[in-house]
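Note that UniProt numbering has the sequence shown beginning at 1, numbered continuously upward.
A virtual CB, placed ideally from N, CA and C, is assigned to each residue, including glycine.
The block underneath contains the structure these notes are about, expressed in C-alpha cells.
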Amino acid sequence: MSTALPRLVVAAPSSGSGKTTVATGLMAAFAAAGLEVSPHKVGPDYIDPGYHALATGRPGRNLDAYLCGPDLVAPLFLHGAAGADVAVVEGVMGLYDGAAGRGELGSTAQVAKLLRAPVVLVVDASSQSRSVAALVHGFASWDPEVRVAGVILNKVASDRHEELLREALDACGVPVLGVLRRAERMRTPSRHLGLVPVAERRAEAAGAVAELAERVRSGCDLKALLALAHSAPPLPDEPWAPPVPASPPRGRPVVAVAGGAAFTFSYAEHAELLRAAGADVAVFDPLRDTALPPGTAGLVMGGGFPEVYAPELSANEPLRRAVAELAASGAPVAAECAGLLYLARELDGVPMCGVLDATARMTERLTLGYREAVAVGDSVLAAAGTRVRGHEFHRTAVEPGAGVRQAGAPESGAAAAWGLTWGASRPGRRVEGFVKDGVHASYLHVHWAAEPSVAQRFVGRCVERCAA
C-alpha cells in the first residue's frame, strides 16, 4: 500500500539561516488557510516542535535517523501525519550535516531522501548577491538524490538587492519561491539551550507565530509551495504504530508524566507507547500540583529546565515528599536529564527530592551530542546489555555523594545506568546515570520508538507493583 501525502522539507546551508522562521511561519500560514498541517522536526530538538504545535494545533514530532534508525523515519512520519492535508518538515543544521563521523546519518538530506520529499532551501542573502547562485547550485547538485526544488531568500535588504539575487538565480534552475526582508529580531527569546519553550511564554509565543505566518504569507508564494508539496510521490511505507504486548496486563496502572513549564522535553510517541503497553497516562505539573495523580504506580520525568525554576520546584515541598515516598516504595521511576536533576538531593543549592545521593549545579560547559549506550545492569527500563542510541543536551553537572560509586558495587546503593561511547570517531567510554531499586535516572535522552520494549518493561513493572 502506498500513501499519498503532500510534504515539504525546509532546509538551509547552515544554522542561523532562518529555517525555524520559515518552517514555523509556513506551517502557521497553511493552517490559517484552512489546511490540516502535520509538523515535523529533523533531529532530537524538543523546543522547535513546541512552536510547530502552536502553529498547527497538532503535536510536533521528531524524525531522527540516528536515534530511531533510517527504517523508522518514514513510518513515524506517516503515523504522525495521519489525517493531514500537508506536512512540513523543518531540517537541522545545514542540509548535509549529520552525526559526526557518520556521513549523512541523521542529516536533513537523509531524511528528505527517506521521505522522497522536495526540499526548499532557505538562504541568508544578507551579505551576497551573485554568489547566491553558486551556493544554491552547489547544494542542489551535491547529491542528485536530494531534490532541492525551490529557494526562499531571507534577510533581503531592498528591492534592488532582490532584483540582483533573482537575476543571479535565473540560470540556476531552482525557482525563487519567497523573499523575506530584513526585520528586527522576532519575539522568540533565547537562553542557554536555545529558544525559550512555548510552555513558558504561550501568549507571547502565539503572537510571534502569528507574526511569522504573516511574514511568510506576504513574502512567499504559498500556492507554488503547496503545489510543490503535492509533487511528492506516494510513500510505500506502512505507518508506525505503537506495539501492543502479546499478553496485555490486567488492569491499567497509572503512569504519572511530568509536564508544565519545567518539564517540556518529551517525544509524543512516549505517551502513545505507554498507553499501548497498558498504562493510563496522567500528566502533572511539578510547579503547581502538590500531589501525584491519584493511583500513581509509576513516574516518568523527561527533560526541561528545572534549573530555571529551582526555587519554585523546591518550594513545592508536598510534591517533593510524594515523589521521594513513591521512589522509596520501589515504584518504577524513569528520569531523563531534568528528571535526574529533580531527583537529586539539591540543585544549585536548593533542596530537591533527595531520591538520589547527588547534587546538581549549572555550569558554563555545554554537553551536546549523540551517544551510543549499553545498559550496565538490569533496571525498570532495560535488561543488562540492552543497546540504545541517545542524545545529551545540558549545561548542568551532577556530582554523586560520597556513598555512591558509579561502578555499581552493591554497597554503593546505586549503580550506573548506561555505559556511553561517542561512536567510531571518538574512542572511549564512560558510565553515566543512576539505577537504584526502581529508579532509572540519566542525562541520556532515548527515543522509545526505537526500543519499544522500554515502555513495555516499565509498564510491566508498574503492574507488578500494583499486584504486590
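Inset, instruction - Could you tell me if the beta carbon of D124 falls within a distance shorter than 7 angstroms of some heavy atom in the ligand MN? - result: Inclusion of the ligand MN in the displayed structure is not the case, the ligand content being empty and no account of it being possible.
Legend entry - Which residues DSSP lists as bridging I152, in chain order: As a working note, residue 152 is residue 152 in the sequence shown. Answer is V122, G178.
Inset, instruction - Could you tell me the boundaries of the alpha helix (DSSP H) in which F139 lies? - result: For the purposes of this step, residue 139 is taken as the residue at position 139 of the sequence shown. Note, F139: alpha helix (DSSP H), 131-142.
Inset, instruction - Mark D237 as exposed unless 16 or more other C-beta atoms lie within 10 angstroms of its C-beta, in which case mark it buried. - result: Numbered from 1 along the sequence shown, position 237 holds the residue referred to as residue 237. Buried, since its Cβ has 16 or more Cβ neighbours within 10 Å.
Legend entry - Span separating the alpha-carbon of G303 from that of A262: Locating residue 303 in the sequence shown gives position 303, counting from the first residue. Locating residue 262 in the sequence shown gives position 262, counting from the first residue. Computed Cα separation, rounded: 8 angstroms.
Legend entry - Neighbour-count burial assignment, A409, 16 or more Cβ in a 10 Å radius: What you label residue 409 is simply residue 409 of the sequence shown in a count that begins at 1. Annotation note: pLDDT 36 at A409 (below 50); position unreliable, coordinate value reported separately. Its Cβ having fewer than 16 others within 10 Å, A409 is exposed.
Legend entry - Neighbourhood of C462 by C-beta, 7 angstroms cutoff - its chain only, sequence neighbours within 5 removed: For the purposes of this step, residue 462 is taken as the residue at position 462 of the sequence shown. Excluding sequence neighbours, C462 sits near P253, V255, A279, A297, G298, P332.
Legend entry - Delimiting residues of the alpha helix (DSSP H) encompassing residue 485: Any answer about residue 485 is impossible in this case: the structure gives the chain only from 1 up to 468.
Legend entry - Residue burial classification, W142 (beta-carbon count within 10 angstroms, cutoff 16): If you number the sequence shown from 1, residue 142 lands on position 142. It counts as exposed.
Legend entry - Alpha carbon of F393 to alpha carbon of T421, nearest angstrom: Counting from 1 along the sequence shown, the entry for residue 393 is found at position 393. Counting from 1 along the sequence shown, the entry for residue 421 is found at position 421. Cα to Cα, F393 sits roughly 15 angstroms from T421.
Inset, instruction - Quick one: grab the DSSP three-state call for P318. - result: Mapped onto the sequence shown, residue 318 falls at position 318. Helix.
Inset, instruction - Within the same chain, show all residues whose beta-carbon is closer than 6 angstroms to that of A384, passing over the 5 residues directly before and after it, in chain order. - result: As a position in the sequence shown, residue 384 is number 384, starting the count at 1. Excluding sequence neighbours, A384 sits near A375, G377, D378.
Inset, instruction - Helix, strand or coil for D280, going by three-state DSSP, please let me know. - result: The residue given as residue 280 occupies position 280 in the sequence shown. It is a strand residue.
Legend entry - Alpha-carbon spacing of G18 relative to D48, whole angstroms: Position 18 of the sequence shown, counted from the start, is the residue given in the question as residue 18. Position 48 of the sequence shown, counted from the start, is the residue given in the question as residue 48. Cα-Cα distance, rounded: 13 angstroms.
Legend entry - Through-space distance from V89 to E451, alpha-carbon basis: On the sequence shown, residue 451 is found 451 positions in, with the first residue counted as 1. On the sequence shown, residue 89 is found 89 positions in, with the first residue counted as 1. Straight-line Cα distance between these residues: approximately 24 angstroms.
Inset, instruction - Taking only the alpha-carbon atoms, compute the straight-line gap between V283 and V439 and give it to the nearest angstrom. - result: For the purposes of this step, residue 283 is taken as the residue at position 283 of the sequence shown. For the purposes of this step, residue 439 is taken as the residue at position 439 of the sequence shown. Their Cα atoms are separated by approximately 19 angstroms.
Inset, instruction - Evaluate L368 with the Cβ neighbour count: other Cβ atoms within 10 Å of its Cβ, from every protein chain shown; 16 or more gives buried, anything less gives exposed. - result: For the purposes of this step, residue 368 is identified with residue 368 of the sequence shown, where counting begins at 1. Under this definition L368 is an exposed residue.
Legend entry - Close Cβ partners of M93 (< 6 angstroms) along its chain, the five nearest in sequence each way excluded: On the sequence shown, position 93 is the one that residue 93 refers to. Result list for M93: S15, in chain order.
Inset, instruction - May I ask you to list the residues that DSSP assigns as paired with K41? - result: Here residue 41 refers to the residue found at position 41 when the sequence shown is read from its first residue. Answer by DSSP bridge pairing, in chain order: N62, E90.
Inset, instruction - Determine the burial state of R320: buried for a count of at least 16 other Cβ atoms within 10 Å of its Cβ, exposed for fewer. - result: Stepping through the sequence shown from its first residue, residue 320 is reached at position 320. Counting Cβ neighbours within 10 Å, R320 comes out buried, since at least 16 surround it.
Legend entry - Where G34 falls, given that 16 or more other Cβ within 10 Å makes a residue buried: Working through the sequence shown from its first residue, we reach residue 34 at position 34. G34 comes out exposed.
Inset, instruction - State yes or no: is the C-beta of V73 within less than 8 angstroms of the C-beta of A65? - result: Your numbering for residue 73 matches position 73 in the sequence shown. Your numbering for residue 65 matches position 65 in the sequence shown. A contact, by the Cβ cut-off of 8 angstroms.
Legend entry - Assigned secondary structure, R116 (DSSP; H/G/I helix, E/B strand, else coil): Along the sequence shown, read from residue 1 onward, the residue named residue 116 stands at position 116. R116: coil per DSSP, three-state reduction.
Legend entry - Residue range of the alpha helix (DSSP H) that includes R102: For the purposes of this step, residue 102 is identified with residue 102 of the sequence shown, where counting begins at 1. Segment: none, R102 is in no alpha helix (DSSP H) and carries neither H nor E.
Inset, instruction - Label K223 either buried or exposed according to how many other C-beta atoms from any shown protein chain fall within 10 Å of its C-beta, with 16 as the threshold for buried. - result: Taking the sequence shown and counting its residues from 1, the one referred to as residue 223 is at position 223. Exposed.
Legend entry - Three-state secondary structure (DSSP) of A262: Translated into positions along the sequence shown, residue 262 becomes position 262. The DSSP-derived three-state label of A262 is coil.
Inset, instruction - Please go through the same chain and pick out, in chain order, the residues whose beta-carbon is closer than 7 angstroms to the beta-carbon of A4, but skip the five residues on each side of it. - result: Position 4 of the sequence shown, counted from the first residue, corresponds to residue 4. Hits under 7 angstroms: P234.
Inset, instruction - To the nearest angstrom, report how far apart M186 and T20 are at their CA atoms. - result: For the purposes of this step, residue 186 is taken as residue 186 along the sequence shown, with counting starting at 1. For the purposes of this step, residue 20 is taken as residue 20 along the sequence shown, with counting starting at 1. Any reading at M186 needs caution, since the residue's pLDDT is 49, under 50, leaving its predicted position unreliable; the model's value is listed next. Answer to the nearest angstrom: the Cα atoms are 11 angstroms apart.
Legend entry - Assigned exposure category for S38 - 16 Cβ within 10 Å defines buried: Your numbering for residue 38 matches position 38 in the sequence shown. Flag for S38 reads buried.
Legend entry - Per DSSP, the bridge partner or partners of V398: For this step, residue 398 is matched to residue 398 along the sequence shown. Per DSSP, A360.
Inset, instruction - For the region 242-252 and the region 206-221, state whether three or more C-beta atom pairs, one from each stretch, are separated by less than 8 angstroms. - result: no
Legend entry - Element boundaries [beta strand (DSSP E), containing G298]: Taking the sequence shown and counting its residues from 1, the one referred to as residue 298 is at position 298. It spans 296-301 - the beta strand (DSSP E) in which G298 sits, taken as one unbroken run.
Legend entry - G153 versus R182, A415, E204, residue with shortest Cα-Cα distance: As a first step, residue 153 is located in the sequence shown; it is residue number 153 there, counting from the start. Inspection of the sequence shows that residue 153 is occupied by Leu rather than by Gly. Checking every option, the nearest Cα to that of L153 belongs to R182.
Inset, instruction - Look at P6 and A232 and say whether their C-beta atoms are less than 8 angstroms apart. - result: If you number the sequence shown from 1, residue 6 lands on position 6. If you number the sequence shown from 1, residue 232 lands on position 232. In this structure, A232 lies closer than 8 angstroms to P6 by Cβ.
Legend entry - Where Y51 sits in the DSSP three-state scheme: In the sequence shown, residue 51 corresponds to position 51, counting from 1. In the structure shown, Y51 sits in a helix (DSSP, three-state: H, G or I).
Inset, instruction - Counting only the same chain and skipping the five closest in sequence on each side, list residues whose C-beta sits under 6 angstroms from that of S266. - result: Within the sequence shown, residue 266 is the residue found at index 266, counting from 1. Taken in chain order, the residues that qualify are G302.
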